[in-house]
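Asks:
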Amino acid sequence: MNSMEKIKHLTTLLGNWGIIAILYWGAMQPKSLAGVMKLFAMFTMFWTIFAAIFSVIAFFKILFGKYDKSLQFILLLTIGIWLFWAVFANI
Numbered sequence: 407m408n409s410m411e412k413i414k415h416l417t418t419l420l421g422n423w424g425i426i427a428i429l430y431w432g433a434m435q436p437k438s439l440a441g442v443m444k445l446f447a448m449f450t451m452f453w454t455i456f457a458a459i460f461s462v463i464a465f466f467k468i469l470f471g472k473y474d475k476s477l478q479f480i481l482l483l484t485i486g487i488w489l490f491w492a493v494f495a496n497i
């Protein structure tokens, strides 16, 4: 993997985490949750921590010239979950 590909993948990684941070900020509105929603919230936090750990590993893989396509799926799912929470919190 050449330098331009590394930069492309690293900026994609950073951009996705920027979106997740913005959606997290939008989702932090006070709202009461039912039991099922609390379970979904716990899953969201677990998945976000999983995505963060996987992103750190992927960051080092990219620096060493290897790219893992599963990163896109994991980050897009994380963005989708936080998008749901941002919409739910502001309805």
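To convert, note that position 60 of the sequence shown is 466 in the working numbering; the numbers rise steadily by one, no gaps. Glycine residues also receive a C-beta, built at the ideal position from the N, C-alpha and C atoms.
1) In three-state terms, what does DSSP make of I497?
2) Kindly give me the distance between the Cβ atoms of L439 and A433, rounded to whole angstroms, as I take these residues to be in contact under 8 Å.
3) Among V493, I468 and L481, which one has its Cα closest to the Cα of K414?
4) Would you mind stating whether I487 and N422 have Cβ atoms separated by less than 8 Å?
5) Can you round the beta-carbon distance between L481 and A458 to whole angstroms, since I take them to be within the 8 Å contact cut?
6) Are the Cβ atoms of L419 and F479 separated by less than 8 Å?
7) In this structure, how does DSSP classify N408 when only helix, strand and coil are distinguished?
Replies: Looking at the atomic coordinates:
1) coil
2) About 12 Å; that fails the 8 Å criterion.
3) I468
4) no
5) Wrong, their Cβ atoms sit about 10 Å apart, outside the cutoff.
6) no
7) coil
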